[in-house]
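Report on the structure given below.
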Amino acid sequence: LGLGLWQGCYQQTEGLWLRWYDAEGWIPTLAERVQQEQQRVEEATIRVQQEQQRAEEERQKAERLANYLRSQGIDPDNLP
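Letter by letter, the sequence shown follows residues 5 to 84 in the numbering used here.
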């Protein structure tokens with residue numbers, strides 16, 4: 005754990021600041037942690053939406069196949 009000089013924006017003020025750091029780098033401020041968590045939530049939401057879209061496309065594809073089989077006189081629910 006150490007204290008170093010960091011150039012950046014803190015509380016809407018650009019400047020050279022003292023900032024805590026550890027072996028992994030600068031320790032995020034509370035605002036930065038909140039922003040990182042919001043980003044993670046947004047990315048997870050996008051992944052869920054993409055998975056839902058993919059699942060819906062697969063359901064529609066299966067339904068089209070079942071309809072085609074029925075049109076050919078084959079019961080898709082009773083395949084060997």
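Glycine included, each C-beta is placed from N, C-alpha and C at the ideal position. Bear in mind that the values here come from a model prediction, so they are computed numbers and not experimental data.
Check	Outcome
Test item: CB-CB of LEU22 and LEU9 under 8 Å	yes
Cβ-based neighbour list, ILE78, same chain, cut-off 8 Å, excluding 5 preceding and 5 following	none
Where ASP79 sits in the DSSP three-state scheme	coil
Pairwise C-alpha distance: PRO80 and ALA70	6 Å
DSSP three-state assignment for GLU60, whether helix, strand or coil	helix
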